[in-house]
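First up is the structure itself, then whatever we jot down about it.
Protein chains: 2
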Amino acid sequence: MTVSEIDSLVYLMSKLPALGPRSARRAVLYLLKKKDSTMAPLITALQEVYTAVQPCPICGNMDTQSPCHICLDKKRDKSILCVVQDVSDLWALERSQAFKGVYHVLGGVLSALDGVGPEDLKINSLIEKVHAGDVNEVLLALPATVDGQTTAHYIAESLDGFPIKISRLSHGIPIGGELDYLDDGTLQTAIKTRRSL
Amino acid sequence: MTVSEIDSLVYLMSKLPALGPRSARRAVLYLLKKKDSTMAPLITALQEVYTAVQPCPICGNMDTQSPCHICLDKKRDKSILCVVQDVSDLWALERSQAFKGVYHVLGGVLSALDGVGPEDLKINSLIEKVHAGDVNEVLLALPATVDGQTTAHYIAESLDGFPIKISRLSHGIPIGGELDYLDDGTLQTAIKTRRSL
Chain A
25 MTVSEIDSLV YLMSKLPALG PRSARRAVLY LLKKKDSTMA PLITALQEVY TAVQPCPICG
85 NMDTQSPCHI CLDKKRDKSI LCVVQDVSDL WALERSQAFK GVYHVLGGVL SALDGVGPED
145 LKINSLIEKV HAGDVNEVLL ALPATVDGQT TAHYIAESLD GFPIKISRLS HGIPIGGELD
205 YLDDGTLQTA IKTRRSL
Chain B
25 MTVSEIDSLV YLMSKLPALG PRSARRAVLY LLKKKDSTMA PLITALQEVY TAVQPCPICG
85 NMDTQSPCHI CLDKKRDKSI LCVVQDVSDL WALERSQAFK GVYHVLGGVL SALDGVGPED
145 LKINSLIEKV HAGDVNEVLL ALPATVDGQT TAHYIAESLD GFPIKISRLS HGIPIGGELD
205 YLDDGTLQTA IKTRRSL
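Below is the structure:
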């Protein structure tokens, strides 16, 4: 193809995490076929997000307000700090509507393989927050992977000595999950940590 | 979430054919994390395509030129007309670099289930092109589905009486395809239409 404008748009779209070259072409064609009803609103929405959204200087959330609406919310319990790997995890927890504290986005987890050390993550600013004294509990909502749990242990050790509670999300069978499809590790954990009805 | 700008962008992205709500959120977060290196070029590319790309009045291809670069190309054989369902098929054939004629995009295939009749497709303008007399061969490059083949037969009947050759793409085993993974219909066709080495 010699159509460079379309090609370069397909190339940029194909770099998005869920898209490859083929699905990016399909997406661009979809936009081209309904330019006014799909492409124009998408351009406007992208421009609005581009100009308005910034990372929150306190927690690392992405928001149009700075600090973000969670950090500014007076109803949120500032004494419970939930540590998450990424903004997407923060959004997932917000969708669950089960957490009423505030967040701290690490920006990743420790990984020897990927060369991610403590200095690459927002661990120092977490310790500073706890040091400042307003935090009673740190909830480590990190992924149940080797790297995630290594990071959780590293943070727990770093916070050793502070008079705070350190908690983690419980492991077990996902709600709606079929036992047959679950991995052995999850089943073992669910049996070991069984609770009386 | 109360972040309406991000929400509306995620919603618009989730309408793209390859994306759902979850992958759209991931894509938006990816863009937000590297705003200047990913989001700014994407906005620019979208704007360029939005303003520059139009459907070709002759063949239906999407291009920055009007008529498109294929219809304007003097090296292309105007006497062979390749009928395709959609612009994506035209692009796929162009990538193969095997076809040196010109195209005619139908904009779909006949479908009783979806209520697509001949008047919904660019069949009349195809007949007019053949009627004008410059076409020697019509290659029906339509999908090997029931609807695609019904459409091919409908067009072949509509062009009955014109002194032209009507052809279709050959069916058979895809290059690199394992026999084990192929459906019965393809294998039957490949055996029936076997060729001597």
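From first to last, the protein sequence lines are chains A and B.
Once you know that position 57 of the first sequence is 81 in our numbering, the rest is easy, because the numbers rise by one and skip nothing.
Once you know that position 154 of the second sequence is 178 in our numbering, the rest is easy, because the numbers rise by one and skip nothing.
Glycine residues also receive a C-beta, built at the ideal position from the N, C-alpha and C atoms.
In the three-state reduction of the DSSP assignment, leucine 164 of chain B falls in the strand class, which pools E and B. Taking a Cβ-Cβ cut-off of 9 Å, the neighbours of threonine 62 of chain B in chain A comprise Leu36, Lys39, Leu40, given in sequence order.
Within the same chain, and ignoring the five residues on either side of aspartate 171 of chain B in sequence, the residues whose Cβ sits closer than 7 Å to its Cβ are Val133, Leu134, Ser135. When C-alpha distances from alanine 180 of chain B are compared across B:Ala48, B:Val162, B:Gln121, B:Val52, the shortest belongs to B:Val162. Around alanine 51 of chain B, the beta-carbon contacts reaching into chain A at under 8 Å are Leu40, Pro41, Ala42, Leu43.
Per DSSP, the continuous beta strand (DSSP E) segment holding valine 126 of chain A begins and ends at 125-129. In this chain, the beta strand (DSSP E) harbouring leucine 105 of chain A covers 101-108. Of all alpha-carbon atoms in B:Leu36, B:Lys57, B:Ile151, the one lying nearest the alpha-carbon of histidine 128 of chain B is that of B:Ile151. For lysine 153 of chain B, the enclosing alpha helix (DSSP H) covers residues 148-156.
Looking at the DSSP output, lysine 189 of chain A bridges to A:Glu161. Only residues of its own chain outside the window of five on either side were considered, and among them Leu105, His128, Val159 have a CB closer than 7 Å to the CB of lysine 153 of chain A, listed in chain order.
With respect to the C-alpha of tyrosine 54 of chain B, the residue from A:Arg49, A:Ile197, A:Pro79 having the closest C-alpha is A:Pro79. Alanine 69 of chain A has its alpha-carbon roughly 28 Å from the corresponding atom of glutamine 89 of chain B. Classified as buried, isoleucine 82 of chain B has 16 or more neighbouring CB atoms from the shown chains inside 10 Å of its CB. Put simply, of A:Ala76, A:Ser194, A:Leu33 the residue whose alpha carbon is nearest the alpha carbon of glutamate 29 of chain B is A:Ala76.
With respect to the 7 Å criterion, glycine 196 of chain B and alanine 214 of chain B are classified as neighbours on the basis of their beta carbons. Rounded to whole angstroms, the gap between the alpha carbons of alanine 48 of chain A and leucine 36 of chain A is 8 Å.
In the three-state scheme derived from DSSP, where H, G and I count as helix and E and B as strand, serine 28 of chain B is classed as helix.
Taking a C-beta cut-off of 8 Å against chain A, the contacting residues of the stretch 119-132 of chain B are Arg119, listed in chain order. Here proline 142 of chain A is not bridged, per DSSP, to any residue.
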